[in-house]
Amino acid sequence: MPVEGSTAPHTGAAWPEWPETDERSVRALARPLLSGRLAVSGARSVWSSDNERAARALADLSGRAHAVLTTNGSSAIVVALHALGIGPGDTVAMPATTWVSCATAVFRVGARPVYFDAAEDSPCGDPAGLAAAPSAVLGIHLYAQAFDVARARAAWPGVPIIEDVSHSQFGTDAHGRRLGGLGDVSIMSLQATKIITCAEGGAVLTDDPGIAARLDSLVMDSRRRTRLPEPEAANELEPAYLLHGANHALPETSAALLLDQLARFPRQAALRAERAALFRALMTDRGWEVAADEGVLGGGTFYGLALRVPDGRPPQDVLREAHARTGATLDRVYPPVPEGPLYRPATVKQYAELARDTAPCVPHSRAWHATGVVVPHQLFLAAPERVERLAAALGRPTTAREWPLPAAGGAAASESAPPVIDVVVITRGTRPTLDAALNSVAKQDVTAGIRTTLWLDGTAPVPDVPAALDARVVRVDRGDAAWEDPFDRIAALRDLATRGTTGDFVAFLDDDNEWEEDHLSSLLDLAVGTGSPAVHSWRTLVDAEGRPTPVTRFPWLPPGPDSERRFRELCAAGVMGEDPVIRDGLTFALPDGGGGMVDMGEWLFERRLLGQLAFRRPRSRREIAERLGEDDILLEQLVALDVPVRCTRQPTLRYRLGGMSNSEYGDAPPPVPDAPR
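Under this note's numbering, the residue at position 633 of the sequence shown is numbered 619, and the numbers go up by one with no gaps.
See below:
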């Protein structure tokens, strides 16, 4: 279920999220759904395959003739080894400093990994010192440094080299040669943290059409694509008659996301290169060693920057210090694979014998793990002043506690541009309470830009707007829409208004309600501090004169036994009581299992989330009788999507009784009740 409740304190502006997704990503994912083809083995379609389109784009950017997409980077290594004929009795050399799945992939084909040490100035290492020729070399470009493929070829002529560019996608070495185009084949992971990602995936790239054909067979259950399937064929595949394969093919939805991410790469790489150059200069001035090749650093094509801690501090202390001072999450350089906590081949019967006698002598790899920290690539998409702040936090000794910690609340604005909140007010322009509603927006004490849009529904004159309010008016002709039911009409107008927003966040305020001065600031602090895309407040019920007023029944049902029963149930659940505060939420513990409630005026949404939600759907007769509105329909979707929702637990919306959904309260304030015990 979505999570609600109070949260950890706000700790300043958030670092860039990764991967970068937005409405374009959602549209990209819609394409394979519309095509009807969700996998390479799925239904036939007149639409072109996103898997094929993404593979072609990836090959072009890598400077390779062919790319075959796989379910993950580990599968990419497995099928690359199979395509090169590596199996039982063979050895595969790889750097001891790498992620454990590289070794696991070798075990999966029945071969044995052989580890070589890192160099003093690079974790990538050199296989030249191995005692015997391996059957293959897995050369891995690590962090922002390039593995020397030419040197490995010279050391072991004729030994095939699989080049792993998971950490340096589309990079170049110091001589301008394209990384990923130097090995017999190259592989890359497209996992969620990589600079090119499809959430989870991988790729094998080659210039050899024969290897490419074998790879297709290996990833598609011994099949290949056919351009002319038989009329009665269920899919667009046919037997390849090459190698015995398995199902390693990337789904069409993942390929669609890959295309979305590839389109963003040039801008991100340029920004990353600029910020990384600044960071390296700052860290070098502070006596730190930044391990980076010029081609990779200058192209912004690195997974992370590896730094050597110069003052003897344990890397874990540096990570804690950086997070406490800046909120940045750093990482450590990988431990030598056979010495890491994830390396447990003896626990799997198939792997146990293959792992015997593989304890290498790798002092440089141990040193990299013992002294190295890694700054992830997405941090270099932040504003320059944030990168400078990170360098200052890392470069100072741990005793310098006078250095300022991230401040709470509005301090985020000093580090980056403040967020923009679009406030939407839908009105006919005739309610006398509109002035008070707009003035409550103008009085918001929040470090954010507020843009207010009045959607004027009808022909009433344009109302006066407080001078302090950055507002525009959009008039909707009453004849422009076919929704005569008031509930349907307000839902349709909210949909229209949402499509017109461009800020970071969106809030709604009805023209008969008001916000307390800290309404938006408390919501924004909660949203930024927790990363929740939807946050809400509680509300205080007020009468026509704006006075707090308790109620004796549930106001959003017609008067009668049902509204009285629901009131008693909500009192028992702690949602309502003898005070005028409604403690709204997504779910309540009610006898009938009924859902929660949150008024539209209580919400603050990330715009990109709100753009994927709808305010309207057909309502049953019972739902119409029970006055199910657009806020209830929105709540259904948030629960169904399991959106992480948070609540400020502060009643900062003043909700005036007597409106459209509780018109019975419009004539006179209800009597003060004795709440059920």
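Every residue, glycine too, gets a C-beta built ideally from N, C-alpha and C.
Query raised in the report: If you check the beta carbons only, do residue 130 and residue 279 fall under 8 Å apart?
Result: The answer is yes: Cβ separation under 8 Å.
Query raised in the report: Does DSSP put residue 147 in a helix, a strand or coil?
Result: Residue state, collapsed to three classes: strand.
Requested in this report: Flag this pair as touching only if the segment 473 to 483 and the segment 562 to 580 have three or more C-beta atom pairs under 8 Å; answer yes or no.
Outcome: Contact between the segment 473 to 483 and the segment 562 to 580 is absent, because fewer than three Cβ pairs lie under 8 Å.
Query raised in the report: Can we say the segment 154 to 173 touches the segment 19 to 30, given the rule of at least three CB pairs closer than 8 Å?
Result: With the cut-off at 8 Å, the segment 154 to 173 and the segment 19 to 30 do not touch.
Requested in this report: Please name the residue in 117, 107, 356 whose C-alpha comes closest to that of residue 132.
Outcome: Taking only the C-alpha atoms, the option nearest residue 132 is 107.
Query raised in the report: Considering only residues of the segment 499 to 528, which uninterrupted beta strand (DSSP E) runs meet the minimum length of 3 residues and lie entirely inside it, listed in chain order?
Result: Qualifying beta strand (DSSP E) stretches, in chain order: 520 to 528.
Requested in this report: Helix, strand or coil for residue 134, going by three-state DSSP, please let me know.
Outcome: Three-state DSSP puts residue 134 in coil, outside helix and strand.
Report task. Please determine if the segment 254 to 271 and the segment 230 to 245 are in contact, where contact requires at least 3 C-beta pairs separated by less than 8 Å. Result -> Touching, no, given that fewer than three Cβ pairs across the two stretches are closer than 8 Å.
Report task. For residue 37, count neighbouring C-beta atoms within 10 Å of its own C-beta (all shown protein chains included) and say buried if the count is 16 or more, exposed if not. Result -> Buried is the call here.
**Report entry** Between the CA atoms of residue 215 and residue 39 - distance to the nearest angstrom
**Finding:** Between residue 39 and residue 215, the C-alpha separation is close to 19 Å.
Query raised in the report: In terms of residue numbering, what span does the alpha helix (DSSP H) encompassing residue 549 cover?
Result: For residue 549, the enclosing alpha helix (DSSP H) has its first and last residue at 547 to 558.
Report task. Take residue 85 and list the residues in its own chain whose beta-carbon comes closer than 7 Å to its own, dropping the five residues that flank it on each side. Result -> Around residue 85: 320.
Query raised in the report: Can the beta-carbon of residue 211 be found closer than 8 Å to that of residue 222?
Result: Contact check for residue 211 against residue 222 passes: the beta carbons are separated by less than 8 Å.
Requested in this report: Go ahead and label residue 448 buried or exposed: buried means 16 or more other beta carbons lie within 10 angstroms of its beta carbon, across all protein chains shown.
Outcome: Exposed, since its Cβ has fewer than 16 Cβ neighbours within 10 Å.
Query - Contacts around residue 192, its chain only, beta-carbon distance under 6 Å, and the 5 residues preceding and following it disregarded - result: Answer for residue 192: 52, 171, 198, listed in chain order.
**Report entry** CA-to-CA distance, residue 515 to residue 401, given in whole angstroms
**Finding:** In this prediction, residue 401 scores a pLDDT of 45, lower than 50, which makes its location untrustworthy; the coordinate-derived value is nonetheless stated afterwards. Going by the C-alpha atoms only, they are around 15 Å apart.
Query raised in the report: For the 8 Å Cβ check, are there 3 or more pairs between the segment 333 to 349 and the segment 282 to 298?
Result: In short, these stretches do not touch, since the Cβ pair count stays below three.
Query - Euclidean distance between Cα positions of residue 123 and residue 144 - result: Residue 123 and residue 144 have their alpha carbons spaced roughly 11 Å apart.
Query - Element boundaries [beta strand (DSSP E), containing residue 636] - result: That run of the beta strand (DSSP E) goes 631 to 642.
Requested in this report: Give the range of the beta strand (DSSP E) segment to which residue 1 is assigned.
Outcome: No beta strand (DSSP E) holds residue 1; DSSP gives it neither H nor E.
**Report entry** For residue 625 and residue 581, believed in contact at Cβ under 8 Å, the rounded distance
**Finding:** Yes, they are in contact, since the Cβ atoms of residue 581 and residue 625 sit about 7 Å apart, within 8 Å.
Query raised in the report: If you drop the 5 nearest sequence neighbours on each side, which residues of the same chain put their C-beta closer than 8 Å to that of residue 302?
Result: Correct list, in chain order: 318.
**Report entry** Own chain, CB closer than 6 Å to residue 96, minus 5 neighbours either side, in chain order
**Finding:** If we look at residue 96 and ignore the five residues flanking it on each side, its Cβ neighbours are 73, 74.
Query - residue 641 classed as buried or exposed, judged by whether at least 16 other C-beta atoms fall within 10 angstroms - result: By the 10 Å Cβ count, residue 641 comes out buried.
Query raised in the report: If you run the structure through DSSP and keep just helix, strand and coil, what is residue 334?
Result: In the three-state reduction of the DSSP assignment, residue 334 falls in the coil class.
Query - Three-state secondary structure (DSSP) of residue 105 - result: Correct three-state label for residue 105: strand.
**Report entry** Inter-stretch contact (C-beta, 8 Å, three-pair minimum) for the segment 343 to 358 and the segment 320 to 331
**Finding:** Segment contact: the segment 343 to 358 against the segment 320 to 331, three or more CB-CB distances shorter than 8 Å; contact assigned.
Requested in this report: Count the CB pairs spanning the segment 406 to 419 and the segment 480 to 488 that are closer than 8 Å, and state whether there are at least three.
Outcome: The count of Cβ pairs closer than 8 Å, one atom from the segment 406 to 419 and one from the segment 480 to 488, reaches three, so the stretches are in contact.
Query raised in the report: Under 8 Å between the Cβ atoms of residue 23 and residue 35?
Result: The answer is yes: Cβ separation under 8 Å.
**Report entry** Whole runs of the beta strand (DSSP E) within the segment 298 to 373, excluding any shorter than 3 residues
**Finding:** For the segment 298 to 373, whole beta strand (DSSP E) runs of length 3 or above, ordered along the chain, are 358 to 362.
Query raised in the report: What three-state label does DSSP hand residue 68 in the structure shown?
Result: In this structure, residue 68 counts as helix in the three-state DSSP scheme.
Query raised in the report: Quick one, which of 65, 93, 557, 115 has its alpha-carbon nearest residue 232's?
Result: For the residues 65, 93, 557, 115, the minimum Cα distance to residue 232 belongs to 65.
Query raised in the report: For the beta strand (DSSP E) that residue 413 lies in, which residues bound it at each end?
Result: Run containing residue 413: 406 to 413, per the beta strand (DSSP E) assignment.
Requested in this report: Would you mind reading off the limits of the beta strand (DSSP E) that contains residue 436?
Outcome: First-last of the beta strand (DSSP E) with residue 436: 435 to 443.
Query raised in the report: Quick one, which of 173, 471, 424 has its alpha-carbon nearest residue 452's?
Result: The residue with the shortest Cα to Cα distance from residue 452 is 424.
Query - Chain-order list of residues whose beta-carbon lies under 7 Å from that of residue 696 (same chain, five-residue window excluded) - result: The first residue shown for the chain is -13 and the last is 663, placing residue 696 beyond what the model contains.
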